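Chains as they are written, first to last, in numbering that gives the first Met the number 0: chain L, 0 to 353; chain P, 0 to 353.
2 protein chains.
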Amino acid sequence: MQIHNFNPGPSYISKFVIEKSIEGIKNYNNSGLSVLEISHRSSAFLNIIEQAKELSLALTGLDNKNYSALFLQGGASTQFLMTAINFLKTKAGYINTGSWSEKAIKEAKNIGTIEEISSSKDKNFSYIPETPTIDSSLDYLHLTSNNTIFGTQYNKFPATTIPLFADMSSDILCRELDYSKFDLVYAGAQKNLGIAGTTLVIIKNELLEKINTAIPSILSYKDHVEKDSLLNTPPVFPIYVSLLTLQWIKEQGGVKEIEKRNREKAELLYNEIDTNPLFNGFANEKDRSLMNVTFTLADEKHEQKFQSLCDEYNINGVKGHRSVGGYRASIYNALSIESVETLVDCMQKLKQSI
Amino acid sequence: MQIHNFNPGPSYISKFVIEKSIEGIKNYNNSGLSVLEISHRSSAFLNIIEQAKELSLALTGLDNKNYSALFLQGGASTQFLMTAINFLKTKAGYINTGSWSEKAIKEAKNIGTIEEISSSKDKNFSYIPETPTIDSSLDYLHLTSNNTIFGTQYNKFPATTIPLFADMSSDILCRELDYSKFDLVYAGAQKNLGIAGTTLVIIKNELLEKINTAIPSILSYKDHVEKDSLLNTPPVFPIYVSLLTLQWIKEQGGVKEIEKRNREKAELLYNEIDTNPLFNGFANEKDRSLMNVTFTLADEKHEQKFQSLCDEYNINGVKGHRSVGGYRASIYNALSIESVETLVDCMQKLKQSI
């Protein structure tokens with residue numbers, strides 16, 4: 000039985016990653032030990048984390064002289080706090096494109112003053128707002144590159160002279176991008192980078208000099224960089240799965256090939272939404288996400304019928320978030336085009352059956 | 000090839016847990032999904048975390064009306080910060096029994112004023128100090144129940160009227176204990192509770208009323224309890240491994256049987272240290288740990304020979320921490336007596352070969 004897993008994260012894991020994970024749990028690299036029980040101080044693990052950091056930088060096209068990659072715990076939610084506690088001095092700018100931006104703003108407000116630069120709240124976050132000219136005295140500008148709940152995604156990032164921070168939890172490595180425009184990006188692993196339990200942070204080294212002093216060690220980027228992600232015991236297995244995921248991306252042909260597939264998958268699904276009269280897209284067309292496709296039924300009376308069809312087709316996790324209603328198909332990097340084709344078949348079947 | 004894994008954590012994982020982990024990764028509960036890809040909002044995962052919380056309370060003998068169990072991220076190091084930021088108002092008491100206590104103290108000092116109640120630093124933390132009468136106006140008393148690096152462990156906990164907090168990372172569930180004496184205990188999972196990546200926190204509910212206001216949400220015990228450990232995406236797989244580990248403990252006969260085995264293992268090893276003239280124990284005899292056995296060579300000239308023998312016997316991870324030198328055998332719950340017998344054989348072999 001093949002399940003088509005459209006969950007917003009944790010979500011579909013490629014066969015390559017599943018199989019290699021199992022191999023590692025049985026006997027890591029013929030060491031006689033399981034990857035679940037190797038010491039985080041062992042050469043086996045140091046090799047895993049070094050490779051994971053190197054590949055993260057290689058796949059984002061960043062060099063390891065000017066940038067540091069960290070694998071931390073605590074998810075994007077901890078990054079909401081860390082970005083602010085490390086860098087918020089006088090005032091920071093935040094763009095509000097949905098629930099996750101709002102959570103970042105709320106946590107930063109506990110630390111200091113923030114300015115909401117722009118927002119798409121007026122239309123239930125169905126679009127990416129224009130960015131006005133940004134006050135160059137702000138400490139940094141924070142944005143969410145892809146909005147998992149609303150299905151919107153930045154195509155063009157704001158030009159700014161102040162440090163640019165992005166929560167890329169739901170779209171990192173989904174497309175070719177000039178990552179050097181950013182000073183700090185972070186992403187919880189459970190969407191495009193593996194399983195829940197670790198968070199990739201890439202930080203420009205020159206930013207480390209600007210970190211606020213006297214902040215708790217466990218929240219300090221400087222302390223984590225100085226200790227090479229080993230300030231405390233790292234989540235060994237989640238980091239191993241992230242390494243396997245990065246290796247999988249590389250073996251597929253890198254981000255270029257991944258982007259090509261992602262565009263094919265997204266076009267196929269958006270085309271069905273646009274041509275099937277039973278469905279409406281939620282997000283503004285030019286801001287549509289490659290990762291989370293949000294849509295509603297034109298007439299809610301077909302809800303039960305569509306749910307039964309989804310069950311019949313083994314389609315899992317397409318229920319929309321309560322803030323939007325309707326449906327959301329999360330079509331992250333690892334999800335195959337066959338799963339998207341199945342969903343499209345299911346949507347066509349609904350039309351035929353009416 | 001069987002490796003005898005004496006690492007201080009991450010460390011040995013039982014066959015039961017390894018096998019069940021692999022089953023879950025292949026096909027969780029015949030759902031057609033891997034446990035690595037189930038949503039944290041799915042009934043499958045909610046069932047996992049509910050069971051893990053229930054079993055944590057059942058095995059510590061605490062009731063779920065007065066106590067809450069949480070599975071968080073960030074390790075004990077994050078708890079050093081959270082305990083202080085949630086509960087340090089005027090002044091808190093800390094007992095200093097080694098490096099981990101010192102780290103807890105350092106992080107708390109960033110938040111407020113602390114009083115070092117007692118310390119065993121004068122003798123390189125080789126003993127557990129007596130606790131003087133404690134000022135009842137202190138916000139709480141924090142201690143480390145077992146000192147991984149130095150191999151000491153509390154046998155009798157201080158009697159106090161103020162809330163008692165314990166870092167039990169390296170000895171939780173190793174012995175029967177009256178956990179109701181504590182108001183808050185925490186433990187990184189990678190020693191007795193599974194793999195690195197999740198931390199068990201058990202907190203007395205009445206303490207939640209005392210939490211400092213206006214603290215960051217991700218650091219608030221109250222917010223985590225209110226959201227049932229789902230304030231942010233929890234580390235699904237590490238929590239699953241913790242559940243399997245708790246189930247394993249229960250199936251072995253519970254903490255009572257685990258303690259019996261732990262005492263047998265520890266006695267066997269300490270007896271060899273005490274009777275073999277080539278070795279000296281490090282910790283004060285009455286404060287010896289059931290979990291981390293620290294010892295040195297009476298004459299360092301045998302170092303290479305002992306290392307070769309350890310290699311020959313497939314003994315892994317017995318190198319002592321640099322603060323103590325010598326050797327440390329971590330003999331956590333899951334480690335079998337056969338591994339301890341092997342280490343004892345190896346130590347006897349050294350004596351015979353000299």
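Ideal placement from N, C-alpha and C gives every residue a C-beta, glycine not left out. This one's a predicted model, so the numbers in the text were calculated from it and none came from an experiment.
Listed along the chain, the chain L residues whose CB falls inside 9 angstroms of the CB of lysine 249 (chain P) amount to none; the nearest CB is some 20 angstroms away. Annotation: leucine 140 (chain L) to glutamate 115 (chain L) spans about 10 angstroms, alpha carbon to alpha carbon.
Going by C-alpha positions, tyrosine 66 (chain P) is about 14 angstroms away from glutamate 49 (chain P). Scanning chain P for C-beta atoms nearer than 7 angstroms to the C-beta of glutamate 36 (chain L) yields Asn4, Pro9, Ser10, Tyr11 and Ile12, reported in chain order.
Judged by pairs of C-beta atoms under 8 angstroms, the region 233 to 253 of chain L does not touch the region 317 to 327 of chain L, as fewer than three such pairs exist. Across the set P:Ala188, P:Phe124 and P:Leu199, the C-alpha of P:Phe124 shows the shortest separation from the C-alpha of histidine 320 (chain P).
Aspartate 62 (chain L) counts as exposed, since fewer than 16 other beta carbons sit within 10 angstroms of its beta carbon.
In the three-state reduction of the DSSP assignment, serine 169 (chain L) falls in the coil class. The residues Tyr27, Ala43, Phe44 and Val235, in chain order, have a CB closer than 7 angstroms to that of isoleucine 37 (chain L) in the same chain once the five nearest residues on each side in sequence are set aside. Nearest C-alpha to leucine 176 (chain L) among L:Tyr153, L:Gly187, L:Ala195 and L:Gly196: L:Tyr153.
Residue contact with chain P for phenylalanine 236 (chain L): present (Cβ-Cβ distance below 9 angstroms to some residue of chain P). Nearest neighbour of isoleucine 202 (chain L) by Cα position, chosen from L:Glu18, L:Val16, L:Leu56 and L:Thr151, turns out to be L:Leu56. With 16 or more other Cβ atoms from the protein chains shown falling within 10 Å of its own Cβ, proline 233 (chain P) counts as buried. By a beta-carbon distance limit of 8 angstroms, threonine 147 (chain P) contacts serine 169 (chain P). Their separation comes to about 4 angstroms.
Neighbours of glutamate 106 (chain P) across chain L, judged by C-beta separation under 8 angstroms: Pro215, Ser216 and Ile217. DSSP places glycine 74 (chain P) within a helical segment (H, G or I) once states are collapsed to three.
By DSSP's assignment, lysine 318 (chain P) forms a beta bridge with P:Tyr326. Under DSSP, the beta-bridge partners assigned to alanine 186 (chain L) are L:Leu199. According to DSSP, residue pairing for glycine 280 (chain P) in a beta bridge involves P:Phe294.
Residue pairing by DSSP places alanine 91 (chain L) opposite L:Ile113 in a beta bridge. The three-state secondary structure of tyrosine 66 (chain L), taken from DSSP, is strand.
Flagged as an interface residue toward chain P: histidine 39 (chain L), by a C-beta distance shorter than 9 angstroms.
Contacts with chain L at 9 angstroms (Cβ-Cβ) include asparagine 313 (chain P). Linking leucine 277 (chain L) to glycine 8 (chain L) through their CA atoms gives a straight-line distance of about 27 angstroms. Nearest CB-CB separation between phenylalanine 79 (chain P) and chain L: below the 9 angstroms threshold.
Residues of the region 332 to 347 of chain P whose Cβ lies closer than 7 angstroms to any Cβ of chain L: none. Distance from the CA atom of isoleucine 133 (chain P) to the CA atom of leucine 207 (chain P), rounded to whole angstroms, is 23 angstroms.
Inclusion of asparagine 291 (chain P) and glycine 150 (chain P) in the CB contact set at 9 angstroms is warranted, their separation being smaller than that value. Annotated as proximal: isoleucine 24 (chain P) and serine 33 (chain P), with beta-carbon spacing under 9 angstroms. For threonine 143 (chain L), no alpha helix (DSSP H) run applies; the uninterrupted beta strand (DSSP E) run containing it begins and ends at 140 to 143, by DSSP. Counting only Cβ-Cβ distances below 9 angstroms, valine 240 (chain L) has contacts in chain P at Leu35 and Phe236, in chain order.
Taking every protein chain shown into account, the CB of isoleucine 353 (chain P) has fewer than 16 other CB atoms within 10 angstroms, so this residue is exposed. Here leucine 142 (chain L) is actually not in contact with proline 162 (chain L); their C-beta atoms are around 12 angstroms apart, not less than 8 angstroms. A residue is called buried once 16 or more other Cβ atoms fall within 10 Å of its Cβ, and lysine 190 (chain P) is buried on that count. Judged by beta-carbon spacing, serine 228 (chain P) lies beyond the 9 angstroms limit of asparagine 85 (chain P), meaning their Cβ atoms are not closer than that value. DSSP, reduced to helix, strand and coil, places phenylalanine 164 (chain L) within a strand of the structure shown.
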